[in-house]
Amino acid sequence: MLTDFMQMAIDQAKLAGVATYQNPQVGAVLVKDGHVLAQGYHHYFGGDHAEVDVLRQVTPEQARGATLFVTLEPCSHYGKTPPCSARIVAAGIRQVVIGQLDPHPIVGGKGRQYLLNHGVDVVTGCLTDEVRALNPHYNHFYVQQRPWITLKMAITLDGKINTETPTRTLVSNHASYIDSQCLRSQFQAILIGERTLTIDDPQLTVRLTAMVQPPVRLVVLNTSTVALNHRLVQDGQAPTWLLCRQAAASDDQLRNSPNVHVLIGNWTPAAISQLCVEQGWQSLLVEGGAHLQAEFVAAELIDEWVSYIAPMMIGGTGLPAVTGAAVMTPLTFEQPTVTCLGTNIRLRAVRKEVK
């Protein structure tokens with residue numbers, strides 16, 4: 001029965017989708033005498049936590065002596081909301097069943113200990129693997145202390161991403177486009193290089209779903225001058241960070257543009273990863289181009305690979321995927337998942353070393 005109720009809490013957590021932003025998806029179920037009294041979840045970033053969402057649905061008498069199933073350890077600190085552990089104790093909850101302890105250092109076992117110290121029976125480890133799968137980016141960020149990094153590309157059967165001409169070659173079909181938009185919505189930052197900016201002039205926005213916190217757009221450039229006439233510094237639709245290797249006269253002009261930041265530095269994959277840590281961006285989608293992605297592979301800063309493969313060939317003069325820096329040792333991945341998207345195929349694989 002414990003697993004049945006925890007599965008209900010997992011299903012509740014999923015209802016939030018990407019609305020929780022840098023907070024994890026969390027679901028909760030309140031049970032008494034074998035009957036479900038209430039179900040709830042963390043609806044959006046900054047909103048009530050799942051435990052509060054459940055408790056406000058019942059009377060004090062109903063809550064007293066009940067068992068609370070919650071996917072993630074209740075918090076015990078004041079953040080955007082008051083601590084849930086204190087609310088649970090005040091409600092007279094008899095037992096709390098936790099799917100996963102929170103890897104966030106502010107919580108990290110403290111919520112569980114608070115409950116135990118106040119006489120609440122605590123059970124941990126219920127459907128832990130299934131619960132961890134709710135928040136892979138959040139878990140990875142706090143365990144590994146760096147963002148989850150996914151490399152994504154659209155390629156032909158012969159492994160090319162573009163022709164040799166300085167114009168964009170449309171490789172993916174509409175079904176792949178829809179899927180890639182969904183993929184974008186799951187990340188907090190998107191990264192491209194200078195060549196991708198100049199050839200594609202992308203907006204790097206999520207156009208199929210309205211997002212309160214859209215992904216931050218990162219571009220690695222030699223100088224900011226290259227970006228002056230491109231859409232992502234003009235549309236103001238999402239924060240844009242220009243990561244430049246050299247200063248230029250255009251820097252101050254662009255800094256005065258809405259939602260545009262200009263940083264000067266040696267923007268290696270490690271430096272970009274550290275920037276994500278400093279800004280709290282838990283996930284990074286590297287969309288291109290081939291040389292930039294090769295640098296991440298060579299630095300072994302890759303956790304997941306996503307390819308959209310189209311039934312076409314460009315030939316020997318086309319631009320190959322991931323070209324440039326070489327890896328010292330081959331990177332190995334778990335068994336990939338393969339999804340048919342009309343005439344295209346999506347291949348998705350996670351590094352074996354990723355926890």
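Counting along the sequence shown from 1, when you hit position 131 you're at 131 in UniProt numbering, and nothing is skipped either side.
Note that CB positions come from ideal geometry on N, CA and C, so glycine has one too.
Scanning E304, R64, H35 for the CA closest to the CA of L183 turns up E304.
Here Q25 is buried: its Cβ has 16 or more other Cβ atoms, across all protein chains shown, within 10 Å. Leaving aside the five residues that flank Q237 on each side, the residues in its chain whose CB is nearer than 6 Å to its CB run, in chain order, T205. By the criterion of a C-beta distance shorter than 7 Å, R132 is surrounded in its chain by Q100, N139, once the five residues flanking it on both sides are discounted.
Listed in chain order, the non-local C-beta contacts of G318 below 6 Å within the same chain comprise K160, T163, local neighbours out to five positions each way being set aside.
Counting only runs of 3 or more residues that sit fully inside the region 295-350, the beta strand (DSSP E) segments are 304-310, 337-341, 344-350, in chain order.
Rounded to whole angstroms, P330 and A298 show a C-alpha spacing of 9 Å. When C-beta atoms of the region 193-205 are compared with those of the region 215-234, three or more pairs fall below 8 Å, so the two segments count as touching.
At the C-beta level, V322 and E334 stay beyond 9 Å of one another. Taken in chain order, the unbroken stretches of beta strand (DSSP E) that lie wholly in the region 112-200 and span 3 residues or more are 121-124, 148-156, 160-162, 189-193.
Counting only runs that start and end inside the region 32-101, the alpha helix (DSSP H) elements of at least 4 residues fall at 50-55, 60-63, 84-91. Counting only unbroken stretches of 4 or more residues, the alpha helix (DSSP H) elements lying wholly within the region 189-258 are 194-200, 250-255, in sequence order. When Cβ pairs closer than 8 Å are counted between the two stretches, the region 44-55 is seen not to touch the region 100-111, the count staying below three.
P258 and Q22 have their C-alpha atoms some 23 Å from each other. Looking from the CA of V70, the closest CA among P82, I93, T339 belongs to I93. At a Cβ-Cβ threshold of 9 Å, V262 and W281 do not count as neighbours. Under a 10 Å Cβ-count criterion, G27 is classified as buried, with 16 or more other Cβ atoms of the shown protein chains found around its own Cβ. In the three-state reduction of the DSSP assignment, G17 falls in the helix class. Where V277 is concerned, the enclosing alpha helix (DSSP H) starts and stops at 269-279. Beta-carbon to beta-carbon, R348 and T337 are separated by about 5 Å, close enough to satisfy the 8 Å threshold.
For H291, the secondary structure class from DSSP, reduced to helix, strand or coil, is helix.
When only Cα atoms are considered, D102 and L72 end up about 6 Å apart. Listed in chain order, the non-local C-beta contacts of V123 below 6 Å within the same chain comprise V97, local neighbours out to five positions each way being set aside. The beta carbon of D158 lies closer than 8 Å to those of M313, I314, G315, G318 in the same chain, with the five residues before and after it left out. Each of G65, A19, L15, M8 was checked against the Cα of M211, and the nearest Cα belongs to A19. Ranked by Cα distance from T3, the first of L15, G34, G17 is G34.
In the pairwise beta carbon analysis, the region 166-178 is classified as not touching the region 264-279: fewer than three pairs are separated by under 8 Å.
The alpha carbon of A16 has as its nearest neighbour, out of I199, N135, Q144, E287, the alpha carbon of N135. Taking a contact to require three or more Cβ pairs closer than 8 Å, the region 143-151 and the region 84-93 do not qualify as touching. Here R346 is buried. Its C-beta has 16 or more other C-beta atoms within 10 Å.
Of the candidates S180, Q234, I272, the residue whose Cα lies closest to the Cα of R245 is I272.
Counting the other Cβ atoms within 10 Å of the Cβ of V143 gives fewer than 16, which makes it exposed. Minimum Cα-Cα distance from Y78 among the listed residues A66, D48, Q57 corresponds to D48. Judged by DSSP in its simplified three-state form, I264 adopts strand.
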